[in-house]
Amino acid sequence: MDENQIRERMQAAINNFQQEVLSLRTGRANPGLIEKIEVEVYGGQQKMRLVELGTIGVADPRTLTFQPWDVSIINEIKNSLVKANLGFNPVVDQNVIRIGLPVLTTEQRAEYIKLLAKKTEEAKVMVRNVRAEARHQLQEQLRNSQIGKDEFRLKEERLQKITDQYIGEIEKIALAKEKDIQGE
Numbered sequence: 029m030d031e032n033q034i035r036e037r038m039q040a041a042i043n044n045f046q047q048e049v050l051s052l053r054t055g056r057a058n059p060g061l062i063e064k065i066e067v068e069v070y071g072g073q074q075k076m077r078l079v080e081l082g083t084i085g086v087a088d089p090r091t092l093t094f095q096p097w098d099v100s101i102i103n104e105i106k107n108s109l110v111k112a113n114l115g116f117n118p119v120v121d122q123n124v125i126r127i128g129l130p131v132l133t134t135e136q137r138a139e140y141i142k143l144l145a146k147k148t149e150e151a152k153v154m155v156r157n158v159r160a161e162a163r164h165q166l167q168e169q170l171r172n173s174q175i176g177k178d179e180f181r182l183k184e185e186r187l188q189k190i191t192d193q194y195i196g197e198i199e200k201i202a203l204a205k206e207k208d209i210q211g212e
């Protein structure tokens, strides 16, 4: 595995992590909170995510709006928002659904921070797994005399620096999200 492949796989872990933390509630409205909610549409024949069914907007810091492209399924969308059990109270206002976000309690904030910590650790494990796989390949090359001990050590140090860089990026994202959750 070359350095570019290592970086690509570690970046994929970070991209996945960023998508995961978008769905965590903070004190502010964020389209990422609802875009992955699935809706059974057209008589239950098909499941689609909200992001595929219309436009998600932020009306104010505590209100999301959803404008479906097909108004005939507005009630199915509203019902799916209620079924998602995220504490939202969606209201149909002509061709738009308004979703008021309740204020997070201290307990809810603590739960979201715990969930963030879990997702952060999962992302770090993904990055470390890439490192472990690359290190294993380096050890194979050393065993097969494809590289010498000095080259092995240099490549291993480089691999660790890359890993530390991506772990640091994950921690930076997590810290910013934690501040958002705490309302700072």
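Numbering-wise (this note's numbering), the sequence shown opens with residue 29 and increments by one. Cβ coordinates follow ideal geometry from the N, Cα and C atoms, glycine included.
Assigned with DSSP and collapsed to three states, Thr83 falls in strand. As a beta-bridge residue in DSSP terms, Gln74 pairs with Val69. Between Thr191 and Met38, the C-beta gap is smaller than 9 Å, which places the two residues in contact. Of all C-beta pairs linking the segment 147-164 to the segment 37-53, three or more are shorter than 8 Å, placing the two stretches in contact.
Ranked by how close their Cα comes to the Cα of Val86, the residues Val131, Asn103, Glu66, Ile62 have Ile62 in first place. Taking a contact as a CB-CB distance under 8 Å, the pair Met29 and Glu161 counts as one, their CB atoms being some 7 Å apart.
Selection Leu203, Val49, Ala202, Lys189 evaluated against Ile34 yields Lys189 as nearest (Cα-Cα). In this structure Leu109 is buried. Its beta-carbon is surrounded by 16 or more other beta-carbon atoms within 10 angstroms. Exposed is the label assigned to Lys142, since fewer than 16 other Cβ atoms lie within 10 Å of its Cβ. In this structure, the CA atom of Met154 is about 18 Å from the CA atom of Glu184.
A direct Cα-Cα distance of roughly 14 Å separates Val67 from Gln95.
Residue burial is scored here from C-beta neighbours: Pro130 has fewer than 16 other C-beta atoms within 10 angstroms and is therefore classed as exposed. For the set Leu92, Ala112, Asp98, Asn58, the Cα lying nearest the Cα of Ile65 is the one of Ala112. For Glu36, the closest C-alpha among the options Arg163, Val158, Ile201 is that of Val158.
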